[in-house]
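Contents: one structure, followed by commentary.
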Ligand code: NAD
Ligand code: UDP
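In my numbering, the protein residues as written are 4 to 346.
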């Protein structure tokens, strides 16, 4: 199958790329490297001994996007490209709407022009907002609490309307919970450009000595140990979910939103303890005030993914921490361009 992957150099995109290449699919990555490095693509080639077409381009540039898509003539699209920092989305919301919503509309128009009718989209559990009940199932009301979440909810709506209006279209909206971990080779992983916003990359940078200590945002939540509880999903399991979604999109039409998580909540303190075991050193941490907008608990109902995709998570929190540590300790500065592409 020929698969056009927007944002394929990024964290989740590069892990999915490896999986696609290893399964024998032909892939074109379209990415402007706003938050990633072409070194990730070089490493995906090395890991799989396969070629990948790479186009440097911006999904806001509708002509360039349409041209690339028409040239590659894919059977299906996986749409990762987007901006994802919740805090930043409060400060520069228009850039978030242009990238995440207009970029998605540009992509669908380009697919129409090229006659491509299958899309797998990177959505997020953040579209649910405050939990009215747990676990979150796909019928939970959509009420995002920040601009980033609203761009994802809007993009979902645009894709759903497109799928309804397009004969034989198939769209899968994957609502990721908390992706963490890295490829088992230690060659690709998460490489935040600035101070990490998310827990796991922050913990990893403390472990490797890039940061002095973790701030635990609140220990007075209504959870087992008072710290926030999330559904962490190994990025390698998440990559597998994309292949399952692509297969599903070949046999089903319409539009489905599907959670991708393990169904298990892990607290901040539990995650830190698992990371300490994985890296064999203590993680300095202090209790800090709650982070505005955080909820106590979030975890997924996973039955729909099992039913429609035949997919469920296989890797646990120890696998997540071990693989993260291997990546972080072997690439302490991430994809540092000065070490040379593919080095
Ligand atoms: P990432 O930043 O590593 O990857 C996004 C990729 O898109 C990067 O390679 C970036 O360079 C590219 N990109 C950004 N703007 C672009 C543009 N205008 N044109 C072309 N390419 C552009 O992020 P990720 O963690 O791999 O996330 C991938 C997708 O999954 C995003 O859409 C994100 O919103 C979504 N998501 C991520 C998480 C998470 O916690 N990582 C959770 C839920 C959903
Ligand atoms: N968290 C923390 N310190 C950090 C980053 C995150 O204590 O430096 C906590 C956060 O309050 C939440 C959990 O870790 O309870 C997961 O946060 P993350 O930002 O990774 O994911 P999200 O909140 O978006 O689910």
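No residue lacks a Cβ here, since even glycine has one placed at the ideal position from N, Cα and C.
Give the range of the beta strand (DSSP E) segment to which residue 182 is assigned.
181–183
Only counting the same chain, and skipping five residues up and downstream in sequence, which positions put a Cβ closer than 6 angstroms to that of residue 19?
242, 245
From 33, 141, 69, pick the residue whose C-alpha is nearest to that of residue 55; which is it?
Ranked by Cα distance from residue 55, the first of 33, 141, 69 is 33.
Count Cβ pairs between the region 184–194 and the region 329–340 that sit closer than 8 angstroms; are there 3 or more?
yes
Could you tell me whether any non-hydrogen atom of the ligand GDP is closer than 7 angstroms to the CB of residue 181?
Here the bound small molecules are the ligand NAD and the ligand UDP; the ligand GDP is not part of this structure.
Answer yes or no: the CB of residue 201 versus the heavy atoms of the ligand NAD, is any distance below 7 angstroms?
yes
Helix, strand or coil: how does DSSP classify residue 162 here?
helix
Within the present structure, is the beta-carbon of residue 13 separated from the nearest heavy atom of the ligand NAD by less than 7 angstroms?
yes
Okay, do the region 309–329 and the region 201–219 touch, 3+ Cβ pairs below 8 angstroms being the bar?
yes
Can we count residue 219 as close to the ligand UDP, meaning its CB is less than 7 angstroms from some heavy atom?
yes
For the ligand UDP, any of its heavy atoms closer than 7 angstroms to the Cβ of residue 139?
no
Quick check on DSSP: helix, strand or coil for residue 320?
helix
Of the choices 7, 6, 15, whose alpha-carbon is the least far from that of residue 3?
Only positions 4 to 346 of the chain appear in the structure, and residue 3 is not among them; the question remains open.
Alpha carbon to alpha carbon, how far is residue 305 from residue 138? Give it in angstroms, no decimals.
9 angstroms
Which one of 39, 60, 260, 49 has the shortest CA to CA distance from residue 31?
If you compare the alpha carbons of 39, 60, 260, 49 with that of residue 31, the shortest gap goes to 60.
Roughly how many whole angstroms lie between the Cα atoms of residue 2 and residue 73?
Residue 2 lies beyond the range of the chain shown here (4 to 346); nothing can be said about it.
Check this for me: beta carbons of residue 259 and residue 175, under 8 angstroms apart or not?
Taking 8 angstroms as the Cβ cut-off, residue 259 and residue 175 qualify as a contacting pair.
Quick check on residue 277: buried or exposed, where buried means 16 or more other Cβ atoms within 10 Å of its Cβ?
buried
Taking all protein chains shown into account, decide if residue 303 is buried (16 or more other Cβ within 10 angstroms of its Cβ) or exposed.
buried
Any beta carbon from chain B within less than 8 angstroms of residue 205's own beta carbon?
The structure shown contains no chain B; it is built from a single protein chain.
Can you name, in chain order, every residue of its own chain whose Cβ lies under 7 angstroms from the Cβ of residue 311, other than the five neighbours on each side?
251, 259, 261
With hydrogens ignored, establish whether the beta-carbon of residue 297 is closer than 7 angstroms to any heavy atom of the ligand UDP.
yes
To the nearest angstrom, report how far apart residue 320 and residue 206 are at their CA atoms.
14 angstroms
Just the Cα atoms here: how many angstroms apart are residue 343 and residue 48?
Per-residue confidence for residue 343 stands at a pLDDT of 44, beneath the threshold of 50, marking its modelled position as unreliable; no derived number is given.
Is it the case that the CB of residue 152 approaches a heavy atom of the ligand UDP more closely than 7 angstroms?
no
Report the start-end ranges of each alpha helix (DSSP H) in the region 24–77 that is 4 residues or longer and not cut off at the edges.
Every alpha helix (DSSP H) of 4 residues or more that sits fully in the region 24–77 is shown, in chain order, as 41–51, 65–75.
For residue 6, which of helix, strand or coil comes out of DSSP?
strand
Give the secondary structure of residue 262 by DSSP, where H, G and I count as helix, E and B as strand, and everything else as coil.
strand
Can you tell me the Cβ-Cβ gap for residue 181 and residue 234, rounded? I've got them flagged as a contact below 8 angstroms.
6 angstroms
Which residues in the same chain as residue 63 place their Cβ atom closer than 8 angstroms to its Cβ, once the five residues preceding and following it in sequence are excluded?
101, 102, 105, 106, 109
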